[in-house]
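Protein chains in written order, with our numbering: chain A, 16 to 257; chain B, 16 to 257.
We put the beta carbon where it would ideally sit given N, CA and C, even for glycine.
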């Protein structure tokens, strides 16, 4: 069983207050870049791994998807997703992505937002997705960037000249990283970017796009505090095709 | 015209003394990992971008390649490559990879070792390689890892607890990086890992493997000072197929 941090009261309260939880997709800095990677969703049978409050599920339906199957480990999130969604073509289920079971060749598109870096058996999940998707289907997902996840102390520091630096170490030491983010003892699984890509390739996916997100000029003008994202990427966006 | 640092006396002297220059491929830490990515070279017409002293060209012939065309901007290196190679099927030419001109559909395999991070117009070079290679051909190359290239001060530092850290900044600010390595004012071109991959994909190459090199346990035992490579990767190895 994977760690379910989301249902801890302090985590859920903190997470519920985040911009992306209050404002949905438009509250996420990386959303415009994710959206640019999406295929036409018209008529697609969509699966969303780590659907949270169901923001993407409802977006997919608004884009013309035929159906959406949203999965999340959090009972509280699934409860709110169900309460916020009024569409019989959308179903939500509590599920542990660490042991993903999906019907074979049943989906035309898969999405996941900031969930897969919690998964220990990434190769197993990728193999499940390859079986569940029909040939030609796209899979677009985001994870925390390994540069963001790797360090012993993943927090900004300054060098001798007062310049902001990201104190990278242990990049090539893969495995668990425990941090205190919204709750104490949150466990993430650090993998090199190369490992993530090679796992997808080995399962039979073709790499279509790899985006190490950073703000563009307009986004920087509107959000000057995002400038730190130019120094080290926080989000990794990957688009592959079966 | 690309910067030709190699023919500066101080650079050439320093470079000629490096392990990889004295001992050839076996003197390069990343060579076993590169070799593992190579296809069967039997009968292949090989092009080597930045062939240096010709170590890889001679290796390819020993592996049964039909011919090797080695290109390098350095007159001194080409002169030594010619002097060290006694095989009519190997030809060397002084060439600026920034303006690569190769015969169309004339090669079955392309290789490049630590040369392409000097190239400003990477998209142009990749397009040239795609035209020069026959369908199905592999292209295996190494560059300095963007984590290694990005920082304002690309040198080890220590955090408040005395831990070794790599002071990453400007990862998403692409463009020239000027360092003093063997000679003053060496200019390299920093690109995000995603940019390098997306450029290859856009040109029509399929990504086969992405290796952010770090030593394995045996290599660490034999070379304890390589442990720092676990903290930040220096070499990026990429295998693609046309």
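Query - Contained beta strand (DSSP E) runs [length at least 3] in the region 132-209 of chain A, N- to C-terminal order - result: Assignment of beta strand (DSSP E) within the region 132-209 of chain A, counting only whole runs of 3 or more residues, yields 148-159, 179-183, 190-196, 198-205 in chain order.
Query raised in the report: Can you tell me the Cα-Cα spacing of residue 221 of chain B and residue 76 of chain B, whole angstroms?
Result: Across the structure, residue 221 of chain B and residue 76 of chain B are spaced so that their CA atoms are roughly 26 Å apart.
Query raised in the report: Among A/180, A/135, A/239, A/177, which residue has its Cα nearest to the Cα of residue 202 of chain A?
Result: Residue 202 of chain A has its Cα closest to that of A/135, out of A/180, A/135, A/239, A/177.
Query raised in the report: With contact counted as at least three CB pairs below 8 Å, one residue from each stretch, are the region 118-130 of chain B and the region 20-32 of chain B in contact?
Result: Counting C-beta pairs closer than 8 Å gives fewer than three between the region 118-130 of chain B and the region 20-32 of chain B, which falls short of the contact rule.
Report task. Using a threshold of 9 Å, state whether the C-beta atoms of residue 208 of chain A and residue 169 of chain A are closer than that. Result -> Against a cut-off of 9 Å, the Cβ pair of residue 169 of chain A and residue 208 of chain A comes out as no contact.
Report task. Return yes when at least one heavy atom of the ligand FAD lies under 8 Å from the C-beta of residue 108 of chain B, else no. Result -> No copy of the ligand FAD appears in this structure; indeed no ligand is present at all.
Query - Simplified DSSP state of residue 222 of chain A, which is helix, strand or coil - result: It is a strand residue.
Requested in this report: Provide the residue span of the beta strand (DSSP E) that contains residue 253 of chain B, from first to last.
Outcome: Start and end: 250-256.
Query raised in the report: Can you find at least 3 beta carbon pairs, one from the region 104-117 of chain B and one from the region 29-46 of chain B, that sit closer than 8 Å?
Result: The region 104-117 of chain B is not in contact with the region 29-46 of chain B.
Query raised in the report: Between the region 223-238 of chain B and chain A, which residues of the former have a C-beta closer than 8 Å to a C-beta of the latter?
Result: Cβ contacts with chain A come from 223, 224, 225, 226, 227, 229.
Query raised in the report: Roughly how many angstroms lie between the CA atoms of residue 103 of chain B and residue 236 of chain B, to the nearest whole one?
Result: Between residue 103 of chain B and residue 236 of chain B, the alpha-carbon positions lie close to 41 Å from each other.
Query raised in the report: Quick one: any contact between the region 138-152 of chain B and the region 213-231 of chain B, if contact means 3 or more CB pairs under 8 Å?
Result: Between the region 138-152 of chain B and the region 213-231 of chain B there are three or more inter-stretch CB-CB distances shorter than 8 Å, so the stretches are counted as touching.
**Report entry** Same chain only: Cβ atoms within 6 Å of residue 206 of chain B, ignoring 5 sequence neighbours per side
**Finding:** Scanning its chain for C-beta atoms nearer than 6 Å, with the 5 sequence neighbours on each side dropped, one finds around residue 206 of chain B the residues 189, in chain order.
Query raised in the report: How would you write the range of the alpha helix (DSSP H) that residue 90 of chain A sits in, first residue to last?
Result: For residue 90 of chain A, the enclosing alpha helix (DSSP H) has its first and last residue at 90-99.
**Report entry** For residue 80 of chain B, the nearest candidate out of B/59, B/225, B/54 (CA to CA)
**Finding:** That would be B/59, whose Cα lies nearest to the Cα of residue 80 of chain B.
Query - Against chain A: residues of the region 189-210 of chain B by CB proximity under 7 Å - result: Listed by position, the residues of the region 189-210 of chain B near chain A (Cβ gap below 7 Å) are 207, 208, 209.
Query raised in the report: Helix, strand or coil: which one does DSSP assign to residue 244 of chain B?
Result: Three-state result, residue 244 of chain B: helix.
Requested in this report: Please look up how many angstroms separate the CB atoms of residue 178 of chain B and residue 173 of chain A, rounded, as I've assumed it's under 8 Å.
Outcome: Going by Cβ atoms, the distance from residue 178 of chain B to residue 173 of chain A rounds to 15 Å, so no, they are not a contact pair.
Query - Residue-level contact to chain B via CB, residue 248 of chain A, 9 Å cutoff - result: So yes, residue 248 of chain A belongs to the interface.
Query - Host alpha helix (DSSP H) of residue 75 of chain A (start-end) - result: Going by DSSP, residue 75 of chain A is part of the alpha helix (DSSP H) stretching over 70-77.
**Report entry** Residue interval of the beta strand (DSSP E) (run including residue 120 of chain A)
**Finding:** For residue 120 of chain A, no beta strand (DSSP E) encloses it, and the DSSP letter there is neither H nor E.
**Report entry** 7 Å Cβ cut-off: residues of chain B touching residue 174 of chain A
**Finding:** Those within 7 Å of residue 174 of chain A in chain B are 168, 172, 182.
Requested in this report: Please determine, among B/243, B/86, B/50, the residue with the shortest C-alpha to C-alpha distance to residue 254 of chain B.
Outcome: Comparing Cα positions, the closest option is B/50.
Requested in this report: Specify, as a first and last residue, the run of the alpha helix (DSSP H) that residue 235 of chain B falls within.
Outcome: First-last of the alpha helix (DSSP H) with residue 235 of chain B: 232-237.
Query - Beta-bridge partners of residue 35 of chain A, as assigned by DSSP - result: Under DSSP, residue 35 of chain A forms no beta bridge with any residue.
Query raised in the report: Can you tell me whether DSSP reads residue 65 of chain B as helix, strand or coil?
Result: It is coil, neither helix nor strand.
Query raised in the report: Is the CB-CB distance between residue 107 of chain B and residue 96 of chain B below 9 Å?
Result: Against a cut-off of 9 Å, the Cβ pair of residue 96 of chain B and residue 107 of chain B comes out as a contact.
Report task. Leaving out five residues on either side along the sequence, give the residues of the same chain with a beta carbon under 6 Å from the beta carbon of residue 198 of chain A. Result -> If we look at residue 198 of chain A and ignore the five residues flanking it on each side, its Cβ neighbours are 20, 23, 25, 26.
Query raised in the report: Is there a Cβ from chain B that is less than 9 Å from the Cβ of residue 51 of chain A?
Result: So no, residue 51 of chain A is outside the interface.
Query raised in the report: Any beta-carbon of chain B closer than 9 Å to the one on residue 45 of chain A?
Result: Not closer than 9 Å to any Cβ of chain B, the Cβ of residue 45 of chain A fails to qualify, so no.
Report task. Check whether the Cβ of residue 328 of chain B lies closer than 9 Å to any Cβ atom in chain A. Result -> A question about residue 328 of chain B goes unanswered here, because the residues of chain B that appear run from 16 up to 257.
Query raised in the report: Can you name, in chain order, every residue of its own chain whose Cβ lies under 8 Å from the Cβ of residue 131 of chain B, other than the five neighbours on each side?
Result: Closer than 8 Å at Cβ, skipping near neighbours: 64, 65, 112, 137, 140, 156, 158.
Requested in this report: Indicate whether at least one CB of chain B lies closer than 9 Å to the CB of residue 216 of chain A.
Outcome: At a cut-off of 9 Å, the C-beta of residue 216 of chain A has a neighbouring C-beta in chain B.
Requested in this report: For residue 244 of chain B, go through chain A and note every residue whose CB falls closer than 8 Å to its CB, in chain order.
Outcome: The CB of residue 244 of chain B comes closer than 8 Å to the CB of 187 in chain A, given here in chain order.
Query raised in the report: Near residue 18 of chain A, what residues of its chain come up, given a Cβ to Cβ distance below 8 Å and the 5 sequence neighbours on each side ignored?
Result: Counting only Cβ-Cβ distances below 8 Å, and skipping sequence neighbours, we find 133, 201, 202.
Query raised in the report: Pick from B/35, B/55, B/239, B/180: whose alpha carbon is nearest that of residue 153 of chain B?
Result: The shortest Cα separation from residue 153 of chain B among B/35, B/55, B/239, B/180 belongs to B/55.
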